[in-house]
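Right, one structure below, let's go through it.
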Amino acid sequence: MSAITFTLHTQQPILATSFQGDPNSDVSYPYIPGSMIRGALIGRYLKQNPHIGDDILADERVRDLFFSGQVRYLNAYLLTKEEYQPRSLPTPRSWFQNKGEDPLERIYDLSRMELSDLDTYISPKPVKQQFCSVNYTDVTLYTEKRRINIHNQRHRRKGRATEAVGQVFRYDALDANQKFKCVILCEKKERKILEKLLEYNAHIWLGGSQSAGYGHTKISEIEFHETWDEVGKNQSLENIIKSEYFQITLLSDMILQNECGQYVVKPPIQLLAESLDIKPEQLQLQKAYMSSTLIGGFNKKWGLPLPQVPAIASGSVFVFQSLSVDLKRVRDLEFYGLGERTVEGFGRVTVNWLNLDCIPEFSATLPKSEPSSTDPPKLPIDSKSAKLAKEMAKRLFCQKLDEKLRQKVSRFNIEGNISNSQLSRLMIVARKALNDPKLGNKPNLQQVRELLGNLPSNASDQFESAKIGNKSLAQQLEEWIKNPSDWIDISPVTIAGESYDLSQDENLAPKYTLLLIMAIAKKATKE
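Following this line, the structure appears as structure tokens:
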């Protein structure tokens, strides 16, 4: 499919009101809706073509550009720094993390595995970050920045709050100085008109309360793509659909109606079967990870809000048995989407996303945070406050190291025939190595290596026959000694701009590796 992409850089907070929060607050969506972008471009088009009357649907060009479905205005999601996927996407609801793991390091895709396959120490909970970019088994998670402002309702004539009109309300808006990637799906014949509308003025106002300091946005990086894929797939469609399963992931909210015209929240089996030209009975649902939301909107021509309707939330995942389907039908499904209001970006779907290698686990990282308008100022260098913040960050980092050590000990087991005397010898050497007088009471992993190198043949055979996972105990110990930081996958801790990580103390990794060896050996002697 061909598309026009461009970047929206928020100069002021954006209020794209959703149906969250209490009655006295307006909470914005975590993205800029496609309907909002379409509405802004309709306004520009009508301004450039004043001859069009009040009934804009009577104009064929207006219908083709904004209402017929030939052009589709997708939601603007957070911009990433990844070339393979510059536009982030909703996080699949089948993704779970270990409860209490902070920062997040591993993601488990339960659409590709069972709960029973998880390690016993893992207590799964949904991933809270709403957007992601994926590169094979590496995932970067994104969260939008928000700004909360408190306002007083004002009397329309007096221009100030009065006793009768003066209630307090709150706006929870998308913060300024953020970038969102926008996409308009179109054919070549619409390209020039749409690019002209976007280039007409780099500054555009979106959302509500524009007269109160909200909505100013800047357009940049307008590009046309002959071929464009929403998820940045790097395999042919033929290989993608030859998966063990047929999986549908929603890349935006989906609005469905049943045969009676009622809005419903359920797996879109009937619509999916019609789109793929197969019988509904062929779609055997194996798993579903879905949630619901409310969708509304505002019609500027009417000056009235749109009816609220329930919808399937973005990120929902539906797993079916493997199917034999027509490739063109799959392409059309991903281009046109499913359900109502697809011209506004609703009902976006992708087939077998993330299932190319059938890998159920991903390494997760968070992008480096950029300064926000609401961020506190950094502490003066070498001040007492900075030193205190550094010490706090160090203590919190060590707490995370202790937690990581407990997790690893519960996960690793020594299996096979090895005597308690050999395990005790290993523990004694590791304990002495924690404080080597020759190194100024610093940890010395070489003492463990010397132990392994000087073992008699009988003891050496025991260390070779004993296993940790699929490796011998001797091999695993050698790997830990050679690279003591490999098992410590912990992100830096930052307090008031002061960070702390492994690189700031060369003794931390050897120390905790020796503690790990001691704990695993002690656990094995008890068993």
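With our numbering, you'll find the sequence shown wraps up at 562, consecutive numbering, no jumps.
Using N, Cα and C, we set each Cβ at its ideal position, and we do this for glycine too.
All of these numbers come straight from a predicted model, not from anything done at the bench.
Query, Result
"Taking a contact to mean a Cβ-Cβ separation below 8 Å, would you say residue 381 touches residue 288 in this structure?", "yes"
"Please determine if the stretch 488–497 and the stretch 365–381 are in contact, where contact requires at least 3 C-beta pairs separated by less than 8 Å.", "no"
"Got a sec, what are the start and stop residues for the alpha helix (DSSP H) residue 464 sits in?", "455–468"
"Is there contact between the stretch 236–249 and the stretch 90–109, where contact requires at least three CB pairs shorter than 8 Å?", "no"
"If you scan the stretch 43–120 from start to end, which runs of the alpha helix (DSSP H) of 4 or more residues do you find wholly inside it?", "69–83, 95–101"
"What's the call for residue 449, buried or exposed, on a 16-neighbour Cβ count within 10 Å?", "buried"
"Could you check if residue 459 is buried or exposed, using at least 16 other CB atoms within 10 Å of its CB as the buried criterion?", "exposed"
"What is the DSSP secondary structure of residue 148, reduced to helix, strand or coil?", "coil"
"Helix, strand or coil: which one does DSSP assign to residue 387?", "coil"
"Measuring straight from C-alpha to C-alpha, what distance separates residue 152 and residue 127?", "19 Å"
"In this structure, does DSSP put residue 36 in helix, strand or coil?", "coil"
"Going by C-alpha distance, which of 356, 457, 515, 471 is nearest residue 315?", "356"
"By how many angstroms is the C-alpha of residue 61 removed from the C-alpha of residue 242?", "12 Å"
"Label residue 417 either buried or exposed according to how many other C-beta atoms from any shown protein chain fall within 10 Å of its C-beta, with 16 as the threshold for buried.", "exposed"
"I'd like to know if the stretch 211–221 and the stretch 37–50 are in contact, where contact means that at least 3 CB-CB pairs between them fall below 8 Å.", "yes"
"Where in the stretch 289–360 do unbroken runs of the alpha helix (DSSP H), each at least 4 residues long, occur, reported from the N-terminal end onward?", "304–311"
"Quick one: what's got a C-beta closer than 8 Å to residue 139's C-beta in the same chain, skipping five residues either side?", "132, 162, 164, 176, 399, 401"
"Whole angstroms is fine: what's the gap from residue 173's alpha carbon to residue 146's?", "17 Å"
"Report the residue from 542, 454, 108 whose alpha carbon sits nearest the alpha carbon of residue 499.", "454"
"Is it buried or exposed for residue 343, if we count other Cβ within 10 angstroms and need 16 for buried?", "exposed"
"What's the C-alpha gap between residue 123 and residue 167?", "5 Å"
"Between residue 503 and the rest of its own chain, which residues show a CB-CB distance below 8 Å, the 5 nearest in sequence each way excluded?", "447, 448, 449, 450, 511, 555"
"Does DSSP put residue 282 in a helix, in a strand, or in coil?", "strand"
"Quick one: what's got a C-beta closer than 6 Å to residue 69's C-beta in the same chain, skipping five residues either side?", "108, 109, 110, 379, 380"
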